[in-house]
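Residue numbers (my numbering): 235 to 705. For every residue, glycine included, the Cβ atom is placed at its ideal position computed from N, Cα and C. Keep in mind the model is a prediction, meaning the values are calculated, not measured. See structure below.
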Ligand code: GLU
């Protein structure tokens, strides 16, 4: 790294909405690069639009960062830097690179790409105050006729036709800096070395390059990441389901699962490696291996990756993460961490999200579990079956020790005595106990459910089927 500047990157969200998948992916790549390079990760809140910026969105951006484990080194809010932007605009005016002029309505500003090809300048002058005496003058940047191009670290050379770009507002008549201006002033002021952002910002880059030139500062390196699309090939939006990071948290994803998934939406460590812990991602991250084509947001893949992380996570951690989910569903009872831990171990590999755990293992914690009517129809309807379940309840009730080692022989012996295959007792018992035809090992399940609930459920199913609606 001799002679190289210390890496300083920034993630610059506008707090005008929740932090979504696209934004957090941008944040992650900036963060990974900073951590990989031993650099600085800056969180810059672009809240100059005071009408649309909301404090709750800022809180959510910070909370999502904390939850994902992406720590920041410096935090700035553009709304607190207004003076700097005014000062810098003044500097450009003094140098003849910007001028005051009546601000045109956005509708009057020709759409980009629909120009005559000649430089249309906004002429200085006009009435500088409105009827109320308020200033209506904005500061316009004088767009120079210079070759505009840069070498993007993903897209390579990108060129623009400067003659298509008009003079543009850098400071509105109300004194608020526009995005392009505040962005460049800050990137210079914060010594940003790499701008890593979505490629929807490529169109902003020529104006920003011209501003760097005006300030006589070498631009940072640009890394424009291709966007992430929905599986339908359209830009990711609410139509594709939840997009806010908070929603994924509520759906029971683990931060490391989501981070792993987000990382693969734009980068790959190579060698088909997909499941990675955050430390591994940091250790192997490089801009060179970032993807140059758009990626697809595939929910099934997210579920799979998260499931893989759950499989690898410490049981005690999964238990702590599960508690609020169980509590919300009134499944936690008098919190018994050991019991939850044993359930997690028994169900490992059978759930991809914490919510899925609550749905699949509900019967361990409550008698009010979901019942599959198909399972009841198939396994619980015969009169003989019901009688057998009642006998089983009786035998289990008299057990002094209630665990896998005592339950299994009782069931096998009873089946033998009744002259039926063990499966003919096991399947109905499973449905009586869980409401499903599929579950982890039934003897383990019964041990976890405990003697009282087991006997109660077998009697309910065997006697009048109260908990299992007869189809
Ligand atoms: N506030 C801009 C955004 O949210 C930042 C763009 C940039 O990184 O330059 O898209």
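Opposing strand residues paired with residue 321 [DSSP bridges]: For residue 321, which the question treats as bridged, DSSP gives no partner whatsoever.
Residues near residue 254 in its chain [Cβ-Cβ closer than 6 angstroms; skip 5 each side]: 477 and 478
Residue range of the unbroken beta strand (DSSP E) whose run includes residue 390: Looking at the DSSP string, the run of the beta strand (DSSP E) that includes residue 390 is 390–394.
Residue 280 Cβ short of 7 angstroms to ligand 1 heavy atom set: yes
Within 8 angstroms, strictly: CB atoms of residue 445 and residue 375: Going by C-beta atoms, residue 445 is nearer than 8 angstroms to residue 375.
Distance CB(residue 499)-CB(residue 480) smaller than 8 angstroms: no
Cross-strand partners of residue 498 (DSSP beta bridge): Paired residue(s): none; residue 498 is not in a bridge.
Within 8 angstroms, strictly: CB atoms of residue 387 and residue 457: yes
Inter-stretch contact at 8 angstroms, needing at least 3 Cβ pairs: the region 643–662 / the region 520–540: no
Residues near residue 239 by beta carbon distance below 7 angstroms, same chain, minus five either side: 427
Separation of residue 411 from residue 351, as counted between CA atoms: At residue 351 the pLDDT is 36, less than 50, meaning the model places this residue with poor confidence and gives no usable figure here.
Residues near residue 578 by beta carbon distance below 8 angstroms, same chain, minus five either side: 549, 552, 553, 556 and 591
Which residues DSSP lists as bridging residue 203, in chain order: This structure cannot speak to residue 203, because the chain is shown only from 235 to 705.
Residue 200 versus 405, 380, 389 and 304, residue with shortest Cα-Cα distance: The requested residue 200 is not part of the displayed model; the chain covers only 235 to 705.
Backbone secondary structure at residue 673 - three-state DSSP: coil
Cβ of residue 663 within 8 angstroms of any chain D Cβ: Structure shown: chain D not included; a single protein chain is present.
Buried versus exposed, by CB contacts within 10 Å (16 or more), residue 632: exposed
Same chain, Cβ closer than 6 angstroms to residue 290, neighbours up to 5 away in sequence not counted: For residue 290, there are no CB contacts under 6 angstroms within the same chain when 5 residues up- and downstream are skipped.
Beta-carbon proximity list for residue 636, same chain, < 6 angstroms, skipping 5 on both sides: 685
Three-state secondary structure assigned by DSSP to residue 309: strand
Endpoints, the beta strand (DSSP E) within which residue 274 is located: 274–279
Cβ-based neighbour list, residue 673, same chain, cut-off 7 angstroms, excluding 5 preceding and 5 following: The answer, listed in chain order, is 664 and 679.
Proximity test, residue 289 beta-carbon vs ligand 1 heavy atom, cut-off 7 angstroms: no
For residue 458, the residue or residues it bridges with in DSSP: 431
Range of the contiguous beta strand (DSSP E) that encloses residue 268: Per DSSP, residue 268 belongs to no beta strand (DSSP E); it is in the alpha helix (DSSP H), 255–271.
Cβ-Cβ distance between residue 258 and residue 298 below 8 angstroms: In this structure, residue 298 lies closer than 8 angstroms to residue 258 by Cβ.
Separation of residue 404 from residue 413, as counted between CA atoms: Each residue's Cα considered, the two are about 8 angstroms apart.
Residue 419 Cβ short of 7 angstroms to ligand 1 heavy atom set: no
Identity of the residue in 639, 248 and 486 nearest residue 285 by Cα: Of the listed residues, the one whose Cα sits closest to residue 285 is 248.
Cβ-Cβ distance between residue 185 and residue 626 below 8 angstroms: Only positions 235 to 705 of the chain appear in the structure, and residue 185 is not among them; the question remains open.
Proximity of residue 371 and residue 400 at Cβ, strictly below 8 angstroms: no
Residue 247 beta carbon near ligand 1 (any heavy atom closer than 7 angstroms): yes
Cβ-based neighbour list, residue 311, same chain, cut-off 7 angstroms, excluding 5 preceding and 5 following: Cβ neighbours of residue 311 beyond the five flanking positions: 279 and 281.
N-terminal and C-terminal residue of the beta strand (DSSP E) that residue 403 is part of: 402–405
Under the three-state DSSP convention, the category residue 382 falls into: strand
First and last residue of the uninterrupted beta strand (DSSP E) at residue 373: 371–375
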